[in-house]
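Report on the structure given below.
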Amino acid sequence: MPRPGFVLDVDRSTPPILTWHGDGFRLLRLPADRSRVIYAPEPEPGLGDPDEEIRRALLEPLGDSAPLPALLRSGMRLTIAFDDISLPLPPMRRPDNRQRVVEAVLDAAAAAGVDDVVLIAALALHRRMTEAELRHALGDRVYDAFAPHGRLLQHDAEDPDGLVHLGQTDLGEDVEINRRAAESDLIVYVNINLVSMDGGHKSVATGLSSYRSLRHHHNVRTMRHSRSFMDQHRSELHSSNWRMGRLIAASGVKVFQIETTLNNDAFPPGLGFLQKREWEWTARDRAAYLATVGAIRAGSDRINRSVFQAVKAPYAMTGVVAGEVEAVHAATTATVYRQQLVHVEGQTDVALFGLPHVSPYNVNSIMNPILVMCMGLGYLFNLYRGRPIVREGGVAILSHPTPWAFHPVHHPSYIDFFEEVLAETTDPIEIEKNYEERFATDEWYRHLYRTGHAYHGVHPFYMWYWGAHALEHLGRVIVVGGDPAAVRRLGFSPATTLDDALEIASDVVGRHPSISHFHCPPIMMADVT
Amino acid sequence: MRALRLERSLPRFAAARLASGWNGRAGADLGPVRLVEVAAPELPGPGWHRVRPHLAGICGSDLATIAGRSSRWFEPIVSFPFVPGHEVVGTDDTGRRVVLQPVLGCVARGIDPPCAACGAGSANHCAHLAAGHLRPGLQTGFCADTGGGWSEELVAHESQLHAVPEGWSDQAAVLVEPVACAVHGALAAPECDPALAVVIGAGTLGLGAIAALSRFRPDVELVLAVAKHPHQRRLALELGARAVVEPGELRRAVRRRTGSWMLDNGQLTGGAPLVVDCAGTAASLADALAVTAPGGTLVLLGMAGTTTLDLTTLWQREVRLQGSYAYGPEPLAGGRHSFELAFELVEHAGLERLVSATYPLGRYAEAVAHAADAGRRGAVKVVFDPRRRPGRPRPEGSP
Amino acid sequence: MRARLPTPAERSGSAAPRRRLPVTPAGTGSRLPVTPAGLRSWLSLPSGFPFVAPTRPTTLPVPPAESSLGVHYDTSWARRYPARLARATLTELVARPAVAALTSPRVEGLDRVAHLQGPVIFAANHSSHVDTPLVVSVLPERWRHQLVVASAADYFFDSHLKAAGFALLLNAVPIERHRVDRGSARRLTELIEGGWSLLIYPEGGRSPDGWGQPHQRGPAWLAERTGRPVVPLHLAGTRRILPRHSFLPRPGRSEVHFGRPLWPGAGGARELAVRIEAAIAALADEQATDWWSATRRAATGTTPPLTGPGGAGEWRRAWALGPTASGAGRWRAPDVARRSSRAWPGADVARRDERAWPGADVARRDERAADRPSPS
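Chains as they are written, first to last, in my numbering: chain U, 1 to 529; chain W, 1 to 399; chain F, 1 to 376.
Written out as structure tokens, the structure reads:
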């Protein structure tokens with residue numbers, strides 16, 4: 001029986017607490033009697049027979065939907081869209097949830113005699129996936145059956161012929177999605193719901209849409225009114241997506257949504273200490289920790305990065321539901337909350353976030369400074385329901401090496417965003433007003449996005465908007481152990497150690513602030529009252 | 001009189017060359033410059049004046065000479081021993097405050113009729129730098145007969161002297177000469193489509209070129225500067241640059257502003273039609289060439305010597321490589337002389353703030369080290385005040 | 001001024017980080033660590049954890065022990081061949097000569113078990129740490145190297161070193177002695193069914209005062225479950241060789257009496273437990289007197305209980321037992337020394353009768369034993 005998450009009050013007998021630090025970790029001793037550590041619940045057991053559960057979900061859909069076999073008929077156009085490389089984190093061991101589900105759907109389609117089937121990676125403005133990544137997500141059987149015939153596509157948000165404008169919502173939001181998907185008789189969307197932000201109408205309305213559509217919710221105003229964007233009921237991001245999703249449904253586009261959830265068993269046994277509470281580390285855990293840290297210390301940045309990027313999570317599927325989007329997502333969200341919610345009482349002056357080696361946008365890539373900002377102030381800060389774990393005007397301390405390094409193939413526009421835009425201003429409003437349009441329409445970025453493996457030109461802006469709520473909420477952001485030049489460029493304060501960081505924070509929160517350490521990994525969500 | 005004199009001493013040049021690679025101060029200590037007590041230079045003839053310098057700047061070419069890094073090209077057109085210093089403001093024997101225009105062309109050399117270039121007013125192209133009644137020397141400050149700014153007295157021909165307007169500080173006046181060089185460089189390239197100009201380097205020349213481009217080149221829409229140090233960034237923006245980037249960011253910055261693509265090896269499909277390289281190193285030249293648009297002009301304002309450069313871009317993209325030296329009439333500015341434009345620019349852009357520190361002659365080693373390290377030490381122009389006796393250096397202007 | 005402006009030709013977009021924050025003390029960068037302190041500073045780690053075990057926050061409740069020690073210690077390695085070989089070698093070459101020299105054992109009743117094959121449960125009284133080596137060294141060879149010893153989980157398995165040592169040397173397996181533990185019962189069952197014989201002390205521990213303690217029902221329950229017989233053993237003299245709370249054994253004489261195998265019958269574990277306790281008491285009686293006297297008293301239910309004078313004060317129990325160390329002369333030790341005077345059985349019986357205590361009968365003790373929880 002997995003233990004639930006809990007909040008540890010730090011006292012003098014508390015051992016140093018493990019903190020992620022990019023491609024590595026640190027053990028930080030937190031000030032006694034005014035610090036607390038938020039621990040995630042332990043991993044739930046996975047489904048005994050996932051394939052059987054998937055078939056059951058397809059046959060017993062939720063909400064106003066017929067079972068999948070009843071929706072399939074010979075001669076129809078079927079489009080199967082699936083989540084891209086950004087999920088889950090770290091990538092899971094084979095077989096991936098997507099492979100299991102897609103195979104089950106294809107079995108049903110084959111039984112119904114459907115010939116016109118296309119698979120589309122719903123990557124919105126993310127980079128296109130490589131063959132290896134597609135094979136990992138879908139499995140070799142699916143890849144070899146579809147890719148050679150041009151039936152395994154990746155969504156192209158810049159293809160003028162590949163998009164269709166379905167109309168505007170009541171609030172004037174353009175809805176433009178993938179033409180093939182929109183003109184299909186049925187879209188089956190295969191999702192992995194790693195965090196509560198994922199899924200629902202966001203799957204199609206965001207994953208298969210274009211810049212023209214995305215700009216209505218991927219903007220500073222929306223993100224500042226999403227508190228948090230992990231809590232769909234208080235998220236303007238989701239409200240907008242839901243409006244769009246309803247418009248898509250009203251336009252006659254039929255979506256059969258399949259959502260899967262994972263437990264939080266994110267690391268293989270060799271790195272098991274990452275998920276354990278420090279005082280429960282056995283001698284073997286300690287030895288593994290020392291060996292790992294020693295290997296990291298001895299290795300070069302490049303080697304460490306490739307080793308960490310090669311980590312595959314032993315995630316287990318904890319749930320799968322299918323059917324009508326909103327009903328499905330309600331069930332999924334409940335499952336995600338069951339695994340991830342930790343009850344936390346009250347806010348503190350300081351929140352400490354250890355940032356991992358991977359964010360949704362640097363799988364098999366480099367976590368550049370903008371992604372550091374997005375991971376810390378976008379994702380981790382927003383993993384709350386109710387109130388942020390740090391009070392308004394408080395300080396967030398991020399732990400990450402923040403190297404001044406970019407993946408030139410994956411993140412070309414990030415480099416320019418960092419060098420040009422952030423050199424001028426870090427204010428999201430200013431950035432949005434003065435620069436977004438130019439980056440979004442840059443021919444070169446467009447070319448790299450469509451033909452290479454580059455994120456869209458406007459993507460770094462979204463990363464910055466993701467942290468807009470935190471930037472507005474916080475009094476100061478400090479990065480421990482980061483490259484000072486890169487950290488300053490982000491508009492944050494660099495610090496060498498946690499003590500230095502608390503010293504820097506003292507002119508905002510005083511000399512004896514209360515501190516919350518968000519003990520991530522694994523992923524969790526603070527339910528703050 | 002006291003003067004800093006440079007003598008022809010091979011061991012000293014060699015020592016300076018070795019030591020300056022290690023640190024500027026050691027280069028100055030071991031180098032060929034000595035503070036000596038010498039007789040004031042003789043007046044070479046009629047039309048010459050004695051000038052007592054108030055301030056005399058330390059220029060990049062002076063540093064190169066002291067450090068033993070000058071090109072051997074200069075050997076026949078300088079004469080040893082000479083007193084360096086060609087950026088000079090001083091008082092002449094008629095009591096006027098004057099700025100020196102140091103080029104020693106036919107007129108100063110008493111050659112009549114002058115060569116074609118001098119006849120056209122472009123003394124910088126003079127054919128007689130080693131002829132006439134003076135010993136060889138391309139400028140005052142490189143000639144054994146005229147003395148130079150780094151002393152208490154020099155001689156100058158009437159044609160070399162420009163009166164300083166009333167109300168000007170010495171700091172402003174001493175900048176006229178280098179700014180005139182920058183103006184000349186900024187105006188050296190032919191008119192281009194309204195577009196982007198890139199200035200690499202943000203020392204005195206670079207900042208002057210930025211200011212000149214902004215003021216005298218209406219065809220240039222946007223100046224992008226490359227600077228390494230915070231005070232340089234700030235000054236570049238103040239003087240008219242629209243954006244300032246670090247050297248490593250230049251290619252991307254040009255790509256963004258010109259809407260071109262960057263191919264796999266980092267080359268751009270487009271570029272800036274006008275690039276002014278005020279650094280003159282192999283790296284800056286490579287960058288400059290890489291960001292010059294096909295058919296564009298690369299002005300070499302920095303003093304490059306022997307260097308290695310892939311010239312494929314030059315011919316494949318028909319890039320013009322345009323040298324720039326000293327000053328002359330500027331066709332792009334209606335034929336006005338660079339010096340005249342420089343006076344206007346110094347006053348208009350408030351360039352006197354570029355003078356960062358003033359040293360007495362006696363502390364020349366410190367001054368040279370300071371100038372050699374100006375960027376890193378937050379300085380732009382370091383000058384001597386030959387009238388002062390050793391004491392504390394007096395920081396002036398900003399920063 | 002024409003200042004130089006060295007432009008690093010670094011291409012923008014290169015993946016290499018340009019600057020690194022020096023987070024380690026200068027000078028530790030490339031040197032490989034050779035000392036623990038060096039390793040620590042090389043890894044930028046604080047002292048203590050993780051080089052030592054972590055402390056536990058006092059704000060947390062102490063969790064139920066869930067360790068690999070105590071009853072959860074996995075001894076299976078000690079029954080694999082490398083360990084068995086090592087143990088057999090030590091037993092034959094070291095332990096048996098040493099035990100023989102130390103305890104001069106006299107073994108009686110082996111004929112009662114001569115016909116017995118297969119795994120057996122040996123149930124003995126227990127007063128000294130010498131008991132186990134003594135039994136192991138006198139057991140017939142067919143059981144000696146195929147024997148596990150049920151040992152107190154809380155005593156022998158409280159640290160990894162002790163646990164490993166006893167598992168290796170004695171083939172000890174942990175057993176919960178004061179409460180029911182299905183896990184250890186199941187393990188012992190599996191072992192017996194797997195052909196291992198078991199030495200178990202039904203009293204659950206060494207006698208605190210020299211007198212026996214009430215029996216637990218564990219051996220009976222195991223016999224019931226496995227259908228294997230219990231062989232009662234009575235050990236005498238070991239308390240004088242190495243009493244409780246002493247560390248240095250004194251050489252002396254000892255006796256081991258094998259009883260008749262007791263097979264589980266229709267009465268179940270409860271009835272078998274009574275029989276085991278009675279059988280050991282009868283063996284003690286036989287050792288103190290003679291077989292026949294003991295048999296008769298057993299038949300009439302008047303065998304003196306091993307638990308000593310019930311209800312009597314501390315001093316009287318000690319008094320009745322006599323001194324542990326010889327040399328005082330006035331008192332004979334209760335077992336071996338006493339036996340030496342058996343040349344006059346009548347006198348001996350009379351003396352014992354003097355020392356008899358009122359109300360000590362087997363039935364009452366049975367009730368007491370039954371009140372205790374037993375592994376069933």
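For each residue, glycine too, the CB sits at the ideal point set by N, CA and C. Small disclaimer: the values here were computed from a predicted structure and weren't measured.
Think of a sphere of 9 Å around the beta carbon of residue 242 (chain F): no beta carbon from chain U falls inside it, the nearest being about 34 Å out.
Going by DSSP, residue 99 (chain W) is part of the beta strand (DSSP E) stretching over 97 to 100. In the three-state reduction of the DSSP assignment, residue 58 (chain W) falls in the coil class. With 16 or more neighbouring CB atoms inside 10 Å of its own CB, residue 177 (chain U) falls in the buried class. By the Cβ test, the stretch 166 to 177 of chain W is not in contact with the stretch 287 to 306 of chain W, since fewer than three Cβ pairs between them sit closer than 8 Å. With a threshold of 7 Å between beta carbons, residue 168 (chain W) makes no contact with chain U. Our two residues, residue 474 (chain U) and residue 391 (chain U), have alpha carbons roughly 8 Å apart in a direct line.
It is roughly 27 Å from the alpha-carbon of residue 373 (chain W) to the alpha-carbon of residue 494 (chain U). If only complete runs of 3 or more residues are kept, the stretch 134 to 222 of chain W shows the beta strand (DSSP E) at 154 to 157, 161 to 163, 195 to 200, in order along the chain. Here residue 48 (chain W) is bridged, per DSSP, to W:157. Within the same chain, Cβ atoms closer than 8 Å to the Cβ of residue 144 (chain W) are found at 79, 80, 81, 82, 135, 137, the five residues on either side in sequence being excluded. Put simply, the stretch 51 to 68 of chain U does not touch the stretch 20 to 29 of chain U. Fewer than three CB pairs are less than 8 Å apart. For residue 40 (chain F), no Cβ of chain U is located within less than 7 Å of the residue's own Cβ.
Runs of the alpha helix (DSSP H) spanning 4 or more residues and lying entirely within the stretch 294 to 332 of chain U occur at 301 to 309, in chain order. Taking the Cα of residue 330 (chain W) as reference, the smallest distance to any Cα among W:205, W:311, W:121, W:51 is reached at W:121. Interface annotation, residue 261 (chain W): in contact with chain U, CB-CB separation under 7 Å. Per DSSP, the unbroken beta strand (DSSP E) holding residue 381 (chain W) starts and ends at 381 to 384. With a cut-off of 8 Å on Cβ pairs, the stretch 44 to 57 of chain U is not in contact with the stretch 9 to 18 of chain W, counting fewer than three such pairs. In the three-state reduction of the DSSP assignment, residue 6 (chain U) falls in the strand class, which pools E and B.
When the five nearest sequence neighbours on each side are left out, the beta carbons in the same chain lying within less than 8 Å of the beta carbon of residue 259 (chain W) are those of 270, in order along the chain.
When Cβ pairs closer than 8 Å are counted between the two stretches, the stretch 355 to 363 of chain U is seen not to touch the stretch 382 to 390 of chain U, the count staying below three. Looking only at U:92, U:377, U:208, the smallest Cα-Cα distance to residue 399 (chain U) is reached by U:377. For residue 65 (chain U), the nearest beta carbon of chain F is not closer than 7 Å to its own beta carbon. A contact between stretches requires three or more CB pairs, one per stretch, nearer than 8 Å, and the stretch 157 to 164 of chain F fails this requirement with the stretch 100 to 111 of chain F. Distance from the CA of residue 314 (chain W) to the CA of residue 289 (chain W), rounded to the nearest whole angstrom, comes to 7 Å. Judged by their CB atoms, residue 367 (chain U) and residue 490 (chain U) are not nearer to each other than the 7 Å cut-off. Taking a Cβ-Cβ threshold of 8 Å, none of the residues of chain U is close to residue 247 (chain F); the smallest such distance is about 30 Å. With a threshold of 7 Å between beta carbons, residue 103 (chain F) makes no contact with chain U. Counting every other CB atom within 10 Å of its CB across the protein chains shown gives residue 229 (chain U) a total of 16 or more, marking it as buried.
In this chain, residue 85 (chain U) is not harboured by any alpha helix (DSSP H), its DSSP state being neither H nor E.
Nearest C-alpha to residue 446 (chain U) among W:31, W:262, W:42: W:262. For residue 449 (chain U), there is no enclosing beta strand (DSSP E); the residue is part of the alpha helix (DSSP H) that begins and ends at 443 to 451. Annotated three-state conformation of residue 213 (chain F) is coil, per DSSP.
Close partners of residue 444 (chain U) in chain W (Cβ separation under 8 Å): 255, 259, 260, 261, 262. When the alpha-carbon of residue 42 (chain U) is set against those of U:315, U:405, U:184, the nearest one is in U:315.
Interface residue (Cβ-Cβ distance to chain U less than 7 Å): residue 132 (chain F) is not classified as such.
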